[in-house]
Amino acid sequence: MQQLEALTQEARALAAGTLALTRPEAEVDRALQICNACRYCEGFCAVFPAMARRLEFGKADIHYLANLCHNCGACLHACQYAPPHEFAVNVPQAMAQVRGQTYADYAWPPGFGALYRRNGLTVAMALAAGLALFLALALLWKADALGRPLAGNFYAVFPHNLMVALFGGVFGWAVLALGLGVARFWRSITPGAAGAQAAAEAASDALRLKYLDGGHGEGCNDQDDRFTLWRRRFHHATFYGFMLCFASTGVATLYHYGLGLKAPYALTSWPVLLGTLGGIGLLAGPAGLLWLNWRRDPQHGDAAQRPMDRGFIGLLLLTSLSGLALLAWRDTGAMGLLLAVHLGVVMALFLTLPYGKFAHGLYRCAALLKWAVERRRPGKLGLGDD
Ligand code: SF4
Ligand code: SF4
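The sequence shown runs 137 to 522 under the numbering used here.
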């Protein structure tokens, strides 16, 4: 049945003339044809065993494999055919270029995919708009509350319902746009039904960032041939910091609506403790990732995506910095201004979530799930199966 669906999709695409590979896709195809003959890197990550199940690479295969790649760099540093060899095999770079293309291709609404291509500008404009909105609201509406110590009462500057309406609306849009984009990607890579075991394995691989260990547990190649686990650690700090901040907001919502406990909360309360720990993770992780990004071997990634990478990391850093500053000075006259800046930055982060680097986590999870499903099935070639 699934094969029939895949064939129908292919026939439709053929009729529409949309099956031709783009230049980055053709480069992945070329590199993988060489890798499939070589297979030296089989143990590094899931890309190579998934590749070995195929002899040809259509668009959907290339999109899937590109998002399964974690850009650890191992296969470039191990490759005897890497530049300056005439074959010039550079799998991480080719995969990175296709990944960037897939975010734009599957974006919802489709026209918004262009925002990925100019993501540095998108982030800058969203930041300016977010800051302008909250500074203007504060100045025009509650100017008398600015400059006065308000004992940490944020709602004296921005009413609770206003914040819920603004952030709820933008966050809902981000979830919808990202969800529909990833659903389009999921359908195009024609996975089978995901059983509980496959789903648990994919979740475990994603939460542990298994494929940032280089296949041997010693980590990625970053600047050179040495291995390092720092990229994995900084990613973990960023992800779990983000989740703790999310949990803090969730608990605060429960306090507000469920228990009738209104903010400000004590420094030892769950919302503040979770938010503080999350803020520290979200400070250390992105700072480390930015440092690594600057030192990274330029052959690893797609230079055109640097503004997107750094823009997202920068927004995360500003979010945690402004949030921790707000906590530190919440009982002083600076609170109103700090709150406006923090909310402006968070608004920019939410606005750009569906059209920036954040998407890579979701596309990668979908590819990991497909791999967990696929490896449980007999391969069509009868070669290279688990
Ligand atoms: S990256 Fe190089 S060494 Fe690794 S499988 Fe491909 S061709 Fe072989
Ligand atoms: S860069 Fe790392 S994750 Fe990507 S294909 Fe090579 S070994 Fe696999």
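We put the beta carbon where it would ideally sit given N, CA and C, even for glycine.
Quiz item: Would DSSP call Asn357 helix, strand or coil?
Solution: When DSSP states are grouped into helix, strand and coil, Asn357 belongs to the strand group.
Quiz item: Any idea what DSSP makes of Phe378, helix, strand or coil?
Solution: If DSSP states are grouped into helix, strand and coil, Phe378 belongs with the helices.
Quiz item: Is Ile198 near ligand 3, with its Cβ less than 7 Å from a heavy atom?
Solution: Questions concerning ligand 3 fall outside what the structure shown contains, since the ligands it does hold are ligand 1 and ligand 2.
Quiz item: Taking 7 Å as the cut-off, does the CB of Gly209 come closer than this to any heavy atom belonging to ligand 2?
Solution: Within 7 Å of the C-beta of Gly209 there is at least one heavy atom belonging to ligand 2.
Practice problem: With a threshold of 16 other CB atoms inside 10 Å of the CB of Arg431, please say whether the residue is buried or exposed. | Solution: Under this definition Arg431 is an exposed residue.
Quiz item: Can you list, in chain order, the residues of its chain whose CB lies under 6 Å from that of Tyr239, leaving out five sequence neighbours each side?
Solution: Tyr252 and Ala495, listed in sequence order.
Exercise. Could you check how far apart the C-beta atoms of Tyr242 and Ile325 are, in whole angstroms? I think they sit under 8 Å.
Key: 10 Å between Cβ atoms; not a contact.
Practice problem: Tell me whether Leu158 sits in a helix, a strand or coil according to DSSP, three-state version. | Solution: Looking at the sequence shown, residue 158 is not Leu but Thr. Residue state, collapsed to three classes: coil.
Quiz item: CB-CB under 7 Å to Thr364, same chain, minus the five flanking residues each way: which ones, in chain order?
Solution: Cβ within range, chain order: Gly355, Cys356 and Asp358.
Self-check item: Alpha carbon of Arg511 to alpha carbon of Ala334, nearest angstrom
Solution: Cα-Cα distance, rounded: 9 Å.
Quiz item: In three-state terms, what does DSSP make of Thr258?
Solution: In the three-state scheme derived from DSSP, where H, G and I count as helix and E and B as strand, Thr258 is classed as helix.
Quiz item: Closer than 7 Å: is that where the CB of Tyr94 sits relative to any heavy atom of ligand 1?
Solution: Past the boundaries of the shown model lies residue 94; the chain is included only from 137 to 522, so the question cannot be answered.
Practice problem: With DSSP as the reference, please indicate the residues paired to Phe248 in a beta bridge. | Solution: Bridge partners of Phe248 according to DSSP: none are assigned.
Quiz prompt | Gly153, buried or exposed, once every other Cβ within 10 Å from all chains shown has been counted against 16 | solution = Interpretation of Gly153 is limited by its pLDDT of 44, a score under 50 that renders its predicted location unreliable; the figure taken from the coordinates is listed afterwards. By the neighbour-count rule (16 or more Cβ atoms within 10 Å), Gly153 is not buried but exposed.
Quiz prompt | Between the CA atoms of Asn203 and Arg500 - distance to the nearest angstrom | solution = Going by the C-alpha atoms only, they are around 5 Å apart.
Quiz item: If we count the other Cβ atoms within 10 Å of its Cβ and call it buried at 16 or more, is Ser458 buried or exposed?
Solution: Classification for Ser458: buried.
Quiz item: Can you tell me whether Thr258 is buried or exposed, with buried defined as 16 or more other CB within 10 angstroms of its CB?
Solution: It counts as buried.
Exercise. Classify Thr404 as helix, strand or coil using the three-state DSSP reduction.
Key: Looking at Thr404 - three-state DSSP - the assignment turns out to be coil, as it is neither helix nor strand.
Quiz prompt | Own chain, CB closer than 7 Å to Ala218, minus 5 neighbours either side, in chain order | solution = Spatial neighbours of Ala218 in its own chain (CB-CB distance under 7 Å, excluding positions within 5 residues in sequence) are listed in chain order as Leu212, Val225 and Asn226.
Quiz item: Rounded to whole angstroms, how far is the Cβ of Pro400 from the Cβ of Arg466, which I believe are closer than 8 Å?
Solution: Indeed, because the Cβ distance is near 7 Å, the residues count as touching under 8 Å.
Quiz item: So, using beta-carbon positions, are Leu474 and Ala484 closer together than 8 Å?
Solution: In this structure, Leu474 sits away from Ala484, with a CB-CB distance that is not shorter than 8 Å.
Quiz item: Just how far apart, CA to CA, sit Met137 and Asn429?
Solution: In this prediction, Met137 has a pLDDT of 49, which is less than 50 and means its spatial position is unreliable; what the coordinates show is noted afterwards. Rounded to the nearest angstrom, the two C-alpha atoms are 44 Å apart.
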